[in-house]
Amino acid sequence: RLVCSRMSLPAVRSVNLRVPAESVEAVRRHYVDHLEMEECVPLGFRPVGNEASAVIQFIEAEAKPEPSYPAAQPVYWKIGLSVDEVDRFATRFRMKGRQFLDIGFLLHTCDPCGFVAEILQTTFEESVERRKALADSRPARPLAVGQVTLRVADIDKSLAFYRDRLGMTLLARMPVDKFGFVLYFLAFTTERPPTADLEAIEIREWCWTRPYTMLELQHYPEQPHATYFVPQSTPGFDSITLAYPASALPALLGDDDHLLDPGGVRVYLRPAAAPVDDDDDDLHHRRLEPAAPDERG
835 RLVCSRMSLP AVRSVNLRVP AESVEAVRRH YVDHLEMEEC VPLGFRPVGN
885 EASAVIQFIE AEAKPEPSYP AAQPVYWKIG LSVDEVDRFA TRFRMKGRQF
935 LDIGFLLHTC DPCGFVAEIL QTTFEESVER RKALADSRPA RPLAVGQVTL
985 RVADIDKSLA FYRDRLGMTL LARMPVDKFG FVLYFLAFTT ERPPTADLEA
1035 IEIREWCWTR PYTMLELQHY PEQPHATYFV PQSTPGFDSI TLAYPASALP
1085 ALLGDDDHLL DPGGVRVYLR PAAAPVDDDD DDLHHRRLEP AAPDERG
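Residue 1125 in my numbering sits at position 291 of the sequence shown, with consecutive numbering throughout.
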């Protein structure tokens, strides 16, 4: 397991998504005008005033019809945006927030290319006193990319990769029995949840107030769902990028520039001090070539 000091903790740097060139301006307007983000690097968007948040990085790709994959789900699901008050976004998108079971108060919206954003309130709908206490104790929290959500077929292998190999901490396990799946939340942090029971309800609101971006893994334990990737030359999910202390990269990467997780997701590791797009020209060009079949999971 990777061990780093608190001052040199790794971080989820970006989720990388491919969009057709003709949609770039519509995507830019959506994230800047509707989701209160700034373009911190070309086609890379981060919540205004929140430099600790991961970046949503878009890559231009040739527009092609997405292939059909019967009985399978895309490996990438969504980003989660954490806010103190969902209602201000609900009004903007002409939608209503809702309490989803005992997970959180939220709403879902899509950008012009169909990528889903889950806007998740830091408190449950009924937590009026907690919400008031937060408002009285600190300034309103800026929008944050709180989660990047992937679907996984083998949770044991996925935890061994992200927790044991890459050094993330498992913060919560949230069974959603009504829909047959379990959510796992991991992050690069030295924090510990308020209780050792990672399924405890009290952990959930605590998770939604964390200042860092978590990796969320969705797993169906009874009937594992097949997952798929769209071709690398087609708009869709591309990869995730993690930032590490430069001294840790040789042991993790060897001679490669990325890793593959157990489901075939490309995980790019970059020096923590480098800008999001530093040395990543391949993010915009080389990776538009189709991935080899064994890299698709």
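Here a beta-carbon is modelled for each residue, glycine too, at the ideal position from N, C-alpha and C.
Coil, strand or helix - residue i by DSSP
i            : result
residue 848  : strand
residue 1080 : helix
residue 1041 : helix
residue 937  : coil
residue 990  : helix
residue 1095 : coil
residue 1110 : Note on residue 1110: pLDDT 49, under 50, position unreliable in the model; no value is reported.
residue 984  : strand
residue 1073 : strand
residue 1132 : The requested residue 1132 does not occur in the structure, where the chain is confined to residues 835 to 1131.
residue 843  : coil
residue 1087 : helix
residue 968  : helix
Residue i vs residue j beta-carbon contact at 9 Å
i            : j            : result
residue 1075 : residue 1101 : yes
residue 1018 : residue 1008 : yes
residue 1045 : residue 978  : yes
residue 941  : residue 931  : yes
residue 842  : residue 1106 : yes
residue 946  : residue 894  : no
residue 911  : residue 1057 : no
residue 889  : residue 848  : yes
residue 891  : residue 850  : yes
residue 1023 : residue 968  : no
residue 1082 : residue 876  : no
residue 1077 : residue 1038 : no
residue 1068 : residue 863  : no
residue 861  : residue 935  : no
residue 918  : residue 965  : yes
Nearest to residue i (by Cα), restricted to the options the options
i            : options                   : result
residue 1001 : 936, 1048, 924 and 912    : 1048
residue 939  : 916, 860, 950 and 992     : 916
residue 887  : 1035, 982, 1003 and 1016  : 982
residue 1025 : 1040, 852 and 961         : 1040
residue 857  : 988, 1093, 966 and 1070   : 1070
residue 987  : 1016, 1054, 965 and 937   : 1054
residue 1006 : 874, 869 and 1036         : 1036
residue 924  : 968, 869, 1079 and 860    : 869
residue 960  : 867, 933, 968 and 1092    : 933
residue 999  : 1095, 1091 and 871        : 1095
residue 1016 : 994, 985 and 1003         : 985
residue 952  : 921, 913 and 1091         : 913
residue 994  : 1097, 1072, 1085 and 1092 : 1097
Legend entry - alpha helix (DSSP H) runs contained entirely in the stretch 855-927, provided each spans 4 or more residues: Under the rule that a run must span 4 or more residues, the alpha helix (DSSP H) segments found entirely inside the stretch 855-927 read 858-863 and 921-926.
Inset, instruction - Spell out a yes or no on whether the stretch 945-961 and the stretch 879-889 are touching, meaning 3 or more CB-CB pairs, one atom from each, closer than 8 Å. - result: No, because fewer than three Cβ pairs between the stretch 945-961 and the stretch 879-889 fall closer than 8 Å, the two stretches do not touch.
Legend entry - Any beta strand (DSSP E) of 3 or more consecutive residues that is wholly inside the stretch 1003-1057: As far as the stretch 1003-1057 is concerned, its whole beta strand (DSSP E) runs of at least 3 residues are 1003-1010, 1015-1021 and 1048-1053.
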